[in-house]
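S.K.:
In my numbering, the protein residues as written are 4 to 212.
As structure tokens, this is what we get:
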């Protein structure tokens, strides 16, 4: 049976706080794109820790991608699919959207890097769309630099891949690397008190990674 680990909102808050200094040092994002639905909460928490005194908050935009074939139950983990489907995307036809992305340092945020299929799709499609928008703006428009942050990276063979320069330059960051376990995030819980109690029990027993 696949091991379950239960993650609390407090743990997510602390993971974002812990990762923020390195993100500010290496990436210095000007805009975040949260992959829904798991990227929404960490992106919002992270923004609080990335804010510099006297500077405005980093804008957050959202995209929706679907990979998992069926939602998990108490006894069955979600099964990764093989095809990524867009459920929500950026409107790159408007001038405002283009000016927000072209030439910027953009941080893509998700909760977990499992098979890497979703992240690969997000990075490739965003790169293609923003590059098309950049070319429409003229030859002097600067290129956009994409980076990735996840709460958890599963230490397993990946089906997808990320650009090698992103890896080499430290623009891929994971707050924690864990085994191939079933991660239960708090926003998936139908009973948050039970979820937190299970997380507390795991910590007490030393069974949470």
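C-beta atoms are modelled at their ideal positions from N, C-alpha and C, and glycine is treated no differently. Only a predicted model underlies this, so the values are computations on that prediction, with no experimental measurement involved.
1. Quick check: what's the CA-CA separation for residue 5 versus residue 15?
2. Under 6 Å from any heavy atom of the ligand NAD, does the C-beta of residue 127 make it?
3. Straight-line CA distance for residue 18 to residue 154?
4. Would you check if the segment 21–34 and the segment 87–95 touch, i.e. whether three or more CB-CB distances between them fall below 8 Å?
5. To the nearest angstrom, how far is the alpha carbon of residue 45 from that of residue 61?
6. Starting from the C-beta of residue 195, find all residues in its chain whose C-beta is less than 8 Å away, skip the five residues before and the five after it, and write them out in chain order.
7. How many Å lie between residue 94 and residue 127 at the Cα?
8. Can you tell me the Cα-Cα spacing of residue 136 and residue 208, whole angstroms?
9. Among 161, 156 and 187, which has the Cα closest to the Cα of residue 179?
M.R.: Quick look at the numbers:
1. Residue mapping note: residue 5 aligns to position 2 of the chain shown, counting from 1. Residue mapping note: residue 15 aligns to position 12 of the chain shown, counting from 1. Spanning the two alpha carbons is a distance of roughly 22 Å.
2. Questions concerning the ligand NAD fall outside what the structure shown contains, since it holds no ligand whatsoever.
3. Locating residue 18 in the chain shown gives position 15, where the first residue counts as 1. Locating residue 154 in the chain shown gives position 151, where the first residue counts as 1. Their backbone Cα atoms lie some 7 Å apart in a straight line.
4. no
5. The residue labelled residue 45 in the question sits at position 42 within the chain shown. The residue labelled residue 61 in the question sits at position 58 within the chain shown. If you take the alpha carbons of residue 45 and residue 61, they lie about 13 Å apart.
6. Looking up residue 195 in the chain shown gives position 192. Correct list, in chain order: 189.
7. Mapped onto the chain shown, residue 94 falls at position 91. Mapped onto the chain shown, residue 127 falls at position 124. Roughly 16 Å between the two C-alpha positions.
8. Counted from its first residue, the chain shown places residue 136 at position 133. Counted from its first residue, the chain shown places residue 208 at position 205. In a straight line, the C-alpha of residue 136 is about 52 Å away from that of residue 208.
9. Against the chain shown, residue 179 aligns to sequence position 176. Residue 179 has its Cα closest to that of 156, out of 161, 156 and 187.
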